[in-house]
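The numbering of the sequence shown is the UniProt record's numbering, which starts it at 1 and goes up by one. Glycine residues also receive a C-beta, built at the ideal position from the N, C-alpha and C atoms. Structure first, commentary second.
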Amino acid sequence: MSEAQVEQHEPGHHGPHGRHGPGRRERPPTTRVDWERSDNFHNSHLLRKDEALDAAIRNSEANDLPPISVSPAAGQLLYLLAKSIGAKRVLEIGTLGGYSTIHLARALPDDGKVITLELSEHHAKVATENITKAGVASKVDIIVGPALDSLRKVASEPKFDFAFIDADKTNMLNYFIAAKRLLRKGGAIYVDNVIRGGLVADPAADTSEFSDGVRKFILAMKDDEEVEATTIGTVTGKGYDGFLYAVKK
Ligand SMILES: C[S@@+](CC[C@H](N)C(=O)[O-])C[C@H]1O[C@@H](n2cnc3c(N)ncnc32)[C@H](O)[C@@H]1O
């Protein structure tokens with residue numbers, strides 16, 4: 001199945017009106033156009049206009065940052081997840097222009113903290129501008145450098161409540177191991193981009209560093225007794241991908 005096509009799948013019984021029931025016409029497999037329309041429909045009803053986030057995207061674009069921040073809906077999910085567990089300390093790996101950082105910082109109380117790790121000085125500079133403009137600078141510390149080095153320097157106490165892993169995929173497993181070490185019992189880890197159009201599950205089709213890195217991480221989860229986890233696939237206007245959510249036992 002191509003990335004642009006997904007079979008309509010109806011779980012459960014189909015009832016007397018067949019698969020789709022009354023008032024619902026048969027449709028061909030969905031495409032990116034359907035996903036985008038659906039995204040726009042849901043976002044337009046659930047997400048509020050947000051000048052600070054829009055400005056962060058505009059400033060990131062103006063400074064030539066790649067357009068690879070989380071989607072608005074995923075940003076809102078990060079905010080809701082961090083808020084729902086009463087997070088006070090958040091670890092983020094991969095800052096870019098601070099778009100996801102702003103969402104996470106907003107979920108925290110005034111004395112909460114997001115420690116966010118970024119390799120590029122330029123990205124960190126733009127992120128600082130965006131985070132300051134969004135009014136959450138007092139809740140964010142950016143550490144510049146290779147995340148693996150920075151993680152060794154992050155104090156292991158107090159523990160973090162929530163971690164968001166969204167940097168290079170080669171080190172995904174290493175980041176996950178480090179995040180587990182720094183997390184409290186019951187804390188949660190959100191790992192982005194673990195499906196990549198289905199290619200992660202198809203080594204015959206893709207042996208890029210990206211997919212290999214994610215695959216290595218997923219394979220290691222089989223014997224990981226320290227967390228309970230699940231992967232959730234997503235289709236959006238950007239394509240088919242997904243995230244892994246883990247809670248430390
Ligand atoms: C997908 S972007 C992060 C997007 C951001 N979380 C958001 O949603 O707004 C990945 C970021 O990770 C950074 N990165 C890549 N390799 C890294 C490394 N080894 N250490 C730290 N950061 C790294 C990149 O420079 C880039 O800014």
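Query, Result
"Leaving aside the five residues before and after Tyr99 along the sequence, list all residues of the same chain whose C-beta is less than 6 Å from its C-beta, in chain order.", "Ala56 and Ser69"
"Quick check on Asn193: buried or exposed, where buried means 16 or more other Cβ atoms within 10 Å of its Cβ?", "buried"
"Along the chain, which unbroken stretches of the alpha helix (DSSP H) at least 4 residues long are found entirely within the stretch 93 to 147?", "99 to 106 and 121 to 133"
"Run through the stretch 145 to 183 for me and flag every whole beta strand (DSSP E) of 3 or more residues, listed as ranges in chain order.", "160 to 165"
"Have a look at the DSSP bridge pairing and note the partners of Thr236.", "Gly239"
"Can you find the residues in the same chain that come closer than 7 Å, C-beta to C-beta, to Val140, ignoring five residues on each side of it along the sequence?", "Thr101, Ala105, Val114, Thr116 and Ile131"
"Is Ala204 helix, strand or coil when you go by DSSP?", "coil"
"Using the DSSP secondary-structure output, state which residues sit across from Glu228 in a beta bridge.", "Val247"
"Give me the Cβ distance between Lys88 and Lys185, rounded to the nearest whole Å; I'm assuming they're in contact under 8 Å.", "Actually they are not in contact, since the Cβ atoms of Lys88 and Lys185 sit about 15 Å apart, beyond 8 Å."
"Identify, in the order they occur along the chain, each residue of the same chain with its Cβ nearer than 6 Å to the Cβ of Ala52, setting aside the five sequence neighbours on each side.", "Ala134"
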